[in-house]
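**Q** Provided herewith is a single structure, encoded as structure tokens, for subsequent inquiry.
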Amino acid sequence: MDWVRGDALGRGSFATVSLAIPTTNPNQFPSLTAVKSAEAQTSCWLRNEKHVLDRLGSSSPRIIRCFGDDCSFENGVEYYNLFLEYAAGGSLADELKNHDGQISEHEAREYTRAIVEGLSHVHKSGFVHCDIKLQNILVFGDGGIKIADFGLAREAGQKQEKSECRGTPMFMSPEQATGGECESPADIWALGCTIVEMVTGKPAWQVEKGASMWSLLLRIGVGEEVPEIPNNLSEDGKDFIEKCFIKDPKKRWSAEMLLKHPFLINDGTVPFKRVHESPRSHFDFPDWVSSVTNSLPSSPEFQDKWDFDDGFCSPEDRLRQLLTVNRPASWSESDGWSSVR
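In terms of full-length UniProt numbering, the sequence shown opens at residue 1 and continues consecutively.
In structure tokens, the structure reads:
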């Protein structure tokens, strides 16, 4: 497609998003198409997004569509460009601002159902998103939402390099914080953090101003602390989030299980009776403490690889080692994207 770059929509750490205006064959793509661009030599995350979206296909209405890619030369610089659906409503982070910082439980339920449907498709297709958060859920003109930003996504079960960990620290699961493990349960934990932020307008983890990223990872990965469940939710809503915040990834509910949870099935008029007796099925597992791993946490925002002794030690020891490493303390819930709409 011959096209020219239109108005900028947003900028991030690895790419910029603009409108793509076709100059020939305008029927090839929708009249409004977004183009996500990065300099060719630093476009690995964007090329990974293209690969994942191609594998996911267009069969799920909850996954953003990709229309192709190309390379361009602009002002002497080569860019890799990815053409995607244009989301007129921005992201769920924008939607939260439009609702004065708090989304009602009824709307949050509808958004959550759509996200879980998308995650179910991603996980069934053999992938993990690795960066679920409000900024990566796009809102379209009809009010529908789709999961986007698959740059950090990976194939499930794929061997990881030591110390590799993908995602945004505020949304990391215990297994990511202690060992860098990012499989489908990590997306479910991040979903829980996303719901909490939707209904409260605040991050799931409350941290003091000036606190280090490592102190947050220590809280996430060690011990039994989990984010606080919002009091303004129904019993169904509270129970749903608790199923996302089970610390042992093996016992955390899957997307398929969550689709059958009363929070997504009920319309809010029929209360869900919570079970407090002994478990009778795999739906009743308690919040077990996460298992020990011998990998190390890091953030995709920091591309350096850290070398540590290969000897086995507990997550507590590993994280205490990290506290002595002088690294940039950039761990906010945002990955640096700024809206320029």
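Every residue gets a Cβ at the ideal spot worked out from N, C-alpha and C, and that includes glycine.
#1: Note down the Cα distance separating Y111 from P227, rounded to an integer number of angstroms.
#2: Buried or exposed, going by whether 16 or more other CB atoms sit within 10 Å of the CB of G151?
#3: Taking buried to mean at least 16 other C-beta atoms within 10 Å of its own C-beta, is S43 buried or exposed?
#4: W205 by DSSP, collapsed to three states: which one?
#5: With distances taken from CA atoms, which of K202, A177, G210 and I195 is nearest H106?
#6: Anyone know if the C-beta pair for L32 and S91 falls short of 8 angstroms?
#7: Pairing CB atoms from the stretch 115 to 135 with CB atoms from the stretch 210 to 217, are three or more of them under 8 angstroms?
#8: Is S13 helix, strand or coil when you go by DSSP?
#9: From this set, D70, P249 and W253, which residue's C-alpha is nearest residue 344's C-alpha?
#10: If I follow the unbroken alpha helix (DSSP H) through N98, where does it start and stop?
#11: Answer yes if the stretch 168 to 183 comes into contact with the stretch 220 to 239, meaning at least three C-beta pairs across the two stretches below 8 angstroms, and no otherwise.
#12: Going along the chain, which residues of its own chain have a beta-carbon closer than 6 angstroms to the beta-carbon of L82, five neighbours each way excluded?
#13: Please report the Cβ distance between Q135 and A93, rounded to the nearest whole angstrom; I am assuming they are in contact, meaning their Cβ atoms lie under 8 angstroms.
#14: Report buried or exposed for S59, applying the criterion of at least 16 other Cβ atoms within 10 angstroms of its Cβ.
#15: At which residue ranges does the stretch 34 to 77 contain complete alpha helix (DSSP H) runs of 4 or more residues, listed in the order of the chain?
#16: Excluding the 5 residues flanking N232 on each side, which residues of the same chain have their C-beta closer than 7 angstroms to its C-beta?
#17: Assuming L138 is part of the beta strand (DSSP E), what are its boundary residues?
#18: Within the continuous beta strand (DSSP E) that includes I145, where are the two ends?
#19: Can you name, in chain order, every residue of its own chain whose Cβ lies under 8 angstroms from the Cβ of D309, other than the five neighbours on each side?
#20: Determine the DSSP secondary structure at P22, reduced to helix, strand or coil.
#21: Could you check what DSSP says for W253 in three-state terms: helix, strand or coil?
#22: Expressed to the nearest angstrom, what Euclidean distance is found between the alpha-carbon atoms of M257 and E183?
#23: How many angstroms separate the CA atom of V52 from the CA atom of A153?
#24: What do you get for I147, buried or exposed, if any count of 16 or more other CB atoms within 10 angstroms of its CB means buried?
**A** Concretely, from the data shown:
#1: The sequence position of residue 111 within the sequence shown is 111, counting from 1. The sequence position of residue 227 within the sequence shown is 227, counting from 1. Cα to Cα, the separation comes out at about 20 angstroms.
#2: Counting from one through the sequence shown, the residue named residue 151 turns up at place 151. The residue is buried, with at least 16 neighbouring Cβ atoms inside 10 Å.
#3: Numbered from its first residue, the sequence shown carries residue 43 at position 43. With 16 or more Cβ atoms within 10 Å of its Cβ, S43 is classed as buried.
#4: Within the sequence shown, residue 205 is the residue found at index 205, counting from 1. Reduced to three states, the DSSP call for W205 is coil.
#5: Taking the sequence shown and counting its residues from 1, one reaches residue 106 at position 106. Minimum Cα distance to H106 is reached at I195.
#6: As a first step, residue 32 is located in the sequence shown; it is residue number 32 there, counting from the start. As a first step, residue 91 is located in the sequence shown; it is residue number 91 there, counting from the start. It is not a contact, given that the beta carbons lie outside the stated cut-off.
#7: no
#8: Working through the sequence shown from its first residue, we reach residue 13 at position 13. Of the three classes helix, strand and coil, the one that applies to S13 here is coil, per DSSP.
#9: Any question about residue 344 goes unanswered here, given that the chain covers just 1 to 341.
#10: Within the sequence shown, the letter at position 98 stands for residue 98. Unbroken alpha helix (DSSP H) run through N98: L92 to N98.
#11: The stretch 220 to 239 makes contact with the stretch 168 to 183; the number of CB pairs closer than 8 angstroms reaches 3 or more.
#12: In the sequence shown, residue 82 corresponds to position 82, counting from 1. Here the set comprises K36, L46, K50 and D69.
#13: Counting from 1 along the sequence shown, the entry for residue 135 is found at position 135. Counting from 1 along the sequence shown, the entry for residue 93 is found at position 93. Indeed they touch by this definition, with Cβ atoms about 5 angstroms apart.
#14: Along the sequence shown, read from residue 1 onward, the residue named residue 59 stands at position 59. That one is exposed.
#15: 44 to 56
#16: Numbered from 1 along the sequence shown, position 232 holds the residue referred to as residue 232. Here the set comprises V199.
#17: Within the sequence shown, the letter at position 138 stands for residue 138. Boundaries of the beta strand (DSSP E) around L138: I137 to V139.
#18: Position 145 of the sequence shown, counted from the start, is the residue given in the question as residue 145. I145 -> beta strand (DSSP E) spans I145 to I147.
#19: As a working mapping, residue 309 is identified with position 309 in the sequence shown. Any reading at D309 is ruled out, since the residue's pLDDT is 38, under 50, leaving its predicted position unreliable.
#20: Locating residue 22 in the sequence shown gives position 22, counting from the first residue. Here P22 sits in strand by DSSP.
#21: Walking along the sequence shown from the start, residue 253 turns up at place 253. Reduced to three states, the DSSP call for W253 is coil.
#22: To locate residue 257, count along the sequence shown from 1; it is residue 257. To locate residue 183, count along the sequence shown from 1; it is residue 183. Roughly 16 angstroms between the two C-alpha positions.
#23: In the sequence shown, residue 52 corresponds to position 52, counting from 1. In the sequence shown, residue 153 corresponds to position 153, counting from 1. C-alpha separation (whole angstroms): 7 angstroms.
#24: Taking the sequence shown and counting its residues from 1, one reaches residue 147 at position 147. Per the 10 Å Cβ criterion, buried.
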